[in-house]
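A.B. asks:
What follows is the structure in structure tokens.
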């Protein structure tokens, strides 16, 4: 039997389930929290990167002489200076550390400079003379996928992955709807650009302080390129200014380390915003053809789909993105006959990889658009068609995988539809009149700030139509398709100043999501000790895996829980001879107790390469959204009036932090629906700035109504379900559907631009 | 050629020798070591670099340091008084008005000036006041709550 001090204490005031404030909150509001861009060492140098202006070109020569001759320049490096392997990559090592004889995308790193001042470094980089011989750029992903005469971007061809899904053979139905859909290239647009500090070490290695999502996979890629054993490349997490997938691939890690090793000085690299747009992967743009067949009463008979994802110049995580798009390509609906072909291709467009929602986002926009078309064809409401086809526990997905934990989609939709709708956009007062003045007529006066166009006052209400739309999404949580997905936690209980204290140490990246809070909450709940410190993340403890795929609460949370349980067992066995011994006496007598544990979720399995069958996911999460919009149909301006959501998270670990995740994910989905797109023409990015790449402001993001359900997943720690990504899926199709409802337009592409509405042919 | 400037930063007289093109954001971060002011976009869109210049919010990434010679500047490091967090700082931490926190210093400076001028704002006024600051993590809902909460704390302490 465990003692009172150490048994799990779910009722802990600041344990699991409580709205515990962030432990880093005070540092972040005082300006003391050190982001990777804030790091500073006396005598450090600044690194800068010369990037290719061409999407596709041979490099005939590089003359570093003019740069080297500049005062203040300490080193100028090209691919010839890479000490070890010249290529790296997350899934496939196809990306050069520095371009080797050719460039495959605009912005590809070609050379590096270290100098005593950032301006000197930038000017020196600009002074390097590179002789390029531009060649035809492959910019059409359809051609890359299907045209044998298309030039290969890589010697092994342009197809990164083709994943089919094949179930059933009945592809005829009473009601058939088809559609072609397109999703633009979205950027993660974290606010803290890529940055880090590399410090040469006495043992010939390097210490790297870096904002990343996965320290150990960085280490796995950096060390071979530096020609160093892994133990000589030590990474510590610096403050991370947001991630959303963009920090899963390397950016400046190898570059800063190379410069530091070459110069023997600490080297800091900080990207500017423009460089950041070229310095990380984006969300894959997608082109999708769907055909849905159903009975006259709206029950799905079959789904056929072709999903084409442009991975750009390098592989990054394209294979896994294709796997998600294929396995989740019909959405959370029961359908017996499925034929999906998902393709990821190489082109000379910007490289694409991880972004929140990861392949499931693109498919969700298309299948939800199809469900609305089907509803219309069957004379059903958007909610009813979804309820009729909704998965539930025991349902079989298109991959043959059985949903083996609660999936109460029909109930979630009913709850969402029953939420009150916001009133029409009228106001307490008009901006043009003093607040005390009474409106001159009995008609309510619209608040111009709340209409489409806002303070631009582009309408007084004329031409404004309201629309309501629904979206449903299903996301796999944790890594899928047989990946050995685990995390490691070290937990130590000791006396500090005579009081029991817990130290939790993992390598998991806190990127803003709040894992640092959750780890401490778990330790409090499991050990019943209120004083918990979360140690900084670094590679001196085992891998935690990536802060992505909504997986850290599950996997690192599970590892912290397991390590705490092991500590509890040790304490119990130490106490065995003397059951009356209190925790303080126990620790006084035996010293600190420390345990390290790895935690793995249930194994997953590859998808069959021909049929797509397989239990490829370990957990699935659902979110549903309802969007209410006002659209100025004359100008094409959209104002989202309200977003409501119902999400099942299994178990709430921290209510206020969870709501923040749902709000933030929803906002990014809204951005994809209405404004966010990296515009690429002929392989070149047209809008690499926050002036031209728009992300939602507070005026774009409406109030939210949330209902959070707790139907536990028996396989997961505490029954929790990963929560960060699902809201990013469903908010996009909900907003798009609402705009369609307001305008009557088909709108087969997101983001929906003003001209898509204002210049559309009247229907 | 460098210019010698004197700034009163967070109540302390600071001197720097800077070229005319040195941005106030770089001067604060690099010359004076005050890295709490963040640079997110370098051209005045995101608002992360917002500081108070003689009490008014300005984009430090759009301001040349030499143009504010002799003026008073408050950065996020100067919002707390005597080790006590200001109402705005407390409210953002309490209400989970931040996640990654990179945008937070700009929001705090903007909200501090706003609540000084308008201590009891309504929803629309709050939205308008902070609409020039971008946040990528929170979806803004808890930031709105935090600004209202800060107004409450301010009123409680004044009362």
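Residue numbers (the numbering used here), protein chains in the order written: chain S, 1 to 763; chain C, 1001 to 1159.
We put the beta carbon where it would ideally sit given N, CA and C, even for glycine.
In this text, all values refer to a predicted model and were calculated from it rather than measured experimentally.
#1: Counting beta carbon pairs with one atom in the region 1122 to 1133 of chain C and one in the region 693 to 705 of chain S, are three or more of them shorter than 8 Å?
#2: In terms of DSSP beta bridges, what is residue 1074 (chain C) paired with?
#3: Taking Cβ-Cβ distances shorter than 9 Å, what residues in chain S pair up with residue 1121 (chain C)?
#4: Among the residues of its own chain, which have a CB less than 6 Å from the CB of residue 1007 (chain C), if the five just before and after it don't count?
#5: Determine, using beta-carbon pairs with one atom in the region 498 to 512 of chain S and one in the region 637 to 644 of chain S, whether at least three such pairs fall under 8 Å.
#6: Going by DSSP, name the residue or residues bridged to residue 487 (chain S).
#7: Relative to chain S, which residues along the region 1070 to 1094 of chain C have a C-beta separation below 7 Å, given in chain order?
#8: Rounded to whole angstroms, what is the Cα-Cα separation between residue 586 (chain S) and residue 13 (chain S)?
#9: Just reading off the alpha helix (DSSP H) that residue 367 (chain S) is part of, what are its end residues?
#10: Just to confirm the assignment: which complete alpha helix (DSSP H) runs, minimum length 4, are found wholly within the region 265 to 344 of chain S?
#11: Are residue 1090 (chain C) and residue 1153 (chain C) close, meaning C-beta to C-beta below 8 Å?
#12: For the alpha helix (DSSP H) holding residue 552 (chain S), just list the boundary residues, first then last.
#13: State yes or no: is the C-beta of residue 1071 (chain C) within less than 8 Å of the C-beta of residue 1053 (chain C)?
#14: Using the beta-carbon of each residue, which ones in chain C are nearer than 9 Å to residue 704 (chain S)?
#15: Using only alpha-carbon positions, find the residue among S:678, S:556 and S:737 that is nearest to residue 282 (chain S).
#16: Specify the secondary structure class of residue 1046 (chain C) as computed by DSSP and reduced to three states.
#17: Relative to the C-alpha of residue 330 (chain S), which residue among S:309, S:354, S:389 and S:375 is closest?
#18: So, under 8 Å CB-CB, residue 163 (chain S) and residue 612 (chain S) are touching, yes? Tell me the CB distance rounded to an integer number of Å.
#19: Can at least three beta-carbon pairs, one atom from the region 77 to 95 of chain S and one from the region 252 to 259 of chain S, be found at a separation below 8 Å?
#20: Quick one: what does DSSP say residue 249 (chain S) is sitting in, helix, strand or coil?
#21: Chain S partners of residue 1051 (chain C), CB-CB under 9 Å?
#22: Which chain S residues sit within Cβ distance under 8 Å of residue 1134 (chain C)?
#23: Closest by CA to residue 117 (chain S), which one among C:1067, C:1026 and C:1065?
#24: Would you mind telling me which residues of chain C sit closer than 7 Å to residue 701 (chain S), beta carbon to beta carbon, in chain order?
#25: Along the region 23 to 37 of chain S, where does the CB come closer than 9 Å to a CB of chain C? Name the residues.
#26: Show which residues of chain C have a CB atom less than 7 Å away from the CB atom of residue 660 (chain S).
#27: Any chance the region 515 to 526 of chain S sits against the region 569 to 577 of chain S, with 3 or more Cβ pairs inside 8 Å?
#28: Counting only Cβ pairs nearer than 7 Å, list the residues of chain C close to residue 51 (chain S).
#29: Give the C-beta separation of residue 511 (chain S) and residue 1100 (chain C) to the nearest angstrom, bearing in mind that I take them to be a contact with Cβ-Cβ under 8 Å.
#30: Here's the rule: buried if 16 or more other CB atoms are within 10 angstroms of the residue's CB, otherwise exposed. What is residue 40 (chain S)?
#31: Determine, for residue 1011 (chain C), whether the minimum Cβ-Cβ distance to residues of chain S falls below 8 Å.
#32: What alpha helix (DSSP H) runs, 4 residues minimum, are completely inside the region 662 to 719 of chain S?
#33: Give, in chain order, every unbroken run of the beta strand (DSSP E) that is at least 3 residues long and sits entirely within the region 605 to 664 of chain S.
#34: DSSP beta-bridge partners for residue 58 (chain S)?
#35: Do you know how far the Cα of residue 622 (chain S) is from the Cα of residue 396 (chain S)?
#36: Just checking: is the beta-carbon of residue 1018 (chain C) within a distance shorter than 8 Å of some beta-carbon in chain S?
C.D. replies: Answer, in terms of the structure:
#1: The region 693 to 705 of chain S makes contact with the region 1122 to 1133 of chain C, as at least three CB pairs between them are under 8 Å.
#2: Locating residue 1074 (chain C) in the second chain gives position 74, where the first residue counts as 1. Beta-bridge annotation (DSSP): residue 1074 (chain C) is paired with C:1052.
#3: As a position in the second chain, residue 1121 (chain C) is number 121, starting the count at 1. Here the premise fails: no neighbours, minimum Cβ distance about 13 Å.
#4: As a first step, residue 1007 (chain C) is located in the second chain; it is residue number 7 there, counting from the start. The beta carbon of residue 1007 (chain C) sits closer than 6 Å to those of 1014 and 1073, all from its chain and outside the five residues before and after it, given in chain order.
#5: When C-beta atoms of the region 498 to 512 of chain S are compared with those of the region 637 to 644 of chain S, fewer than three pairs fall below 8 Å, so the two segments do not count as touching.
#6: Here residue 487 (chain S) is taken as the residue at index 487 of the first chain, counted from 1. The beta-bridge partner set that DSSP reports for residue 487 (chain S) consists of S:599.
#7: If the cut-off is 7 Å between Cβ atoms, the region 1070 to 1094 of chain C has 1075, 1076, 1077, 1080, 1085, 1089, 1092, 1093 and 1094 near chain S.
#8: Indexing the first chain from 1 puts residue 586 (chain S) at position 586. Indexing the first chain from 1 puts residue 13 (chain S) at position 13. Answer to the nearest angstrom: the Cα atoms are 24 Å apart.
#9: On the first chain, residue 367 (chain S) is found 367 positions in, with the first residue counted as 1. Its alpha helix (DSSP H) spans residues 360 to 378.
#10: Whole alpha helix (DSSP H) segments, 4+ residues: 273 to 279 and 318 to 327.
#11: Stepping through the second chain from its first residue, residue 1090 (chain C) is reached at position 90. Stepping through the second chain from its first residue, residue 1153 (chain C) is reached at position 153. Cβ atoms of residue 1090 (chain C) and residue 1153 (chain C): closer than 8 Å.
#12: Taking the first residue of the first chain as position 1, residue 552 (chain S) is located at position 552. Secondary structure note for residue 552 (chain S): its alpha helix (DSSP H) is the uninterrupted segment 552 to 575.
#13: Along the second chain, read from residue 1 onward, the residue named residue 1071 (chain C) stands at position 71. Along the second chain, read from residue 1 onward, the residue named residue 1053 (chain C) stands at position 53. Contact: yes.
#14: As a working mapping, residue 704 (chain S) is identified with position 704 in the first chain. Simply 1139 and 1141.
#15: Locating residue 282 (chain S) in the first chain gives position 282, counting from the first residue. Taking residue 282 (chain S) as reference, the option from S:678, S:556 and S:737 with the minimal CA-CA separation is S:678.
#16: Sequence index remark: in the second chain, residue 1046 (chain C) carries index 46 (1-based). In the three-state reduction of the DSSP assignment, residue 1046 (chain C) falls in the coil class, being assigned neither a helical nor a strand state.
#17: As a first step, residue 330 (chain S) is located in the first chain; it is residue number 330 there, counting from the start. Residue 330 (chain S) has its Cα closest to that of S:389, out of S:309, S:354, S:389 and S:375.
#18: Residue numbering aside, residue 163 (chain S) sits at position 163 when the first chain is read from its first letter. Residue numbering aside, residue 612 (chain S) sits at position 612 when the first chain is read from its first letter. That pair is a contact at about 6 Å.
#19: They touch, by the three-pair rule.
#20: Looking up residue 249 (chain S) in the first chain gives position 249. Residue 249 (chain S) falls in the coil class under three-state DSSP.
#21: What you label residue 1051 (chain C) is simply residue 51 of the second chain in a count that begins at 1. For residue 1051 (chain C), no chain S residue has a Cβ inside 9 Å of its Cβ, as the nearest lies near 11 Å away.
#22: Position 134 of the second chain, counted from the first residue, corresponds to residue 1134 (chain C). In chain order: 191, 690, 695 and 697.
#23: Taking the first residue of the first chain as 1, we reach residue 117 (chain S) at position 117. Nearest option by C-alpha distance: C:1026.
#24: For the purposes of this step, residue 701 (chain S) is identified with residue 701 of the first chain, where counting begins at 1. Near residue 701 (chain S) (Cβ distances below 7 Å), the residues of chain C are 1139 and 1140.
#25: Taking 9 Å as the Cβ-Cβ cut-off against chain C, the residues of the region 23 to 37 of chain S that qualify are 24, 25, 26, 27, 28, 29, 30, 31, 32, 33, 34, 35 and 37.
#26: On the first chain, position 660 is the one that residue 660 (chain S) refers to. The contacting residues are 1096, 1099, 1138 and 1142.
#27: Taking 8 Å as the limit for Cβ pairs, the verdict is that the region 569 to 577 of chain S does not touch the region 515 to 526 of chain S.
#28: If you number the first chain from 1, residue 51 (chain S) lands on position 51. By Cβ distance, chain C contributes nothing, its closest Cβ being about 17 Å from residue 51 (chain S), past 7 Å.
#29: Counted from its first residue, the first chain places residue 511 (chain S) at position 511. Counted from its first residue, the second chain places residue 1100 (chain C) at position 100. Contact flag correct, Cβ pair sits at about 6 Å.
#30: The residue given as residue 40 (chain S) occupies position 40 in the first chain. Counting the other Cβ atoms within 10 Å of the Cβ of residue 40 (chain S) gives fewer than 16, which makes it exposed.
#31: Locating residue 1011 (chain C) in the second chain gives position 11, counting from the first residue. For residue 1011 (chain C), no Cβ of chain S is located within less than 8 Å of the residue's own Cβ.
#32: Taking only runs of at least 4 residues, no alpha helix (DSSP H) segment lies wholly in the region 662 to 719 of chain S.
#33: The region 605 to 664 of chain S contains these whole beta strand (DSSP E) runs: 619 to 632 and 637 to 648.
#34: Taking the first residue of the first chain as position 1, residue 58 (chain S) is located at position 58. According to DSSP, residue 58 (chain S) bridges with S:102 and S:133.
#35: Translated into positions along the first chain, residue 396 (chain S) becomes position 396. Translated into positions along the first chain, residue 622 (chain S) becomes position 622. Between residue 396 (chain S) and residue 622 (chain S), the C-alpha separation is close to 15 Å.
#36: Here residue 1018 (chain C) refers to the residue found at position 18 of the second chain. With 8 Å as the cut-off, residue 1018 (chain C) does not count as an interface residue toward chain S.
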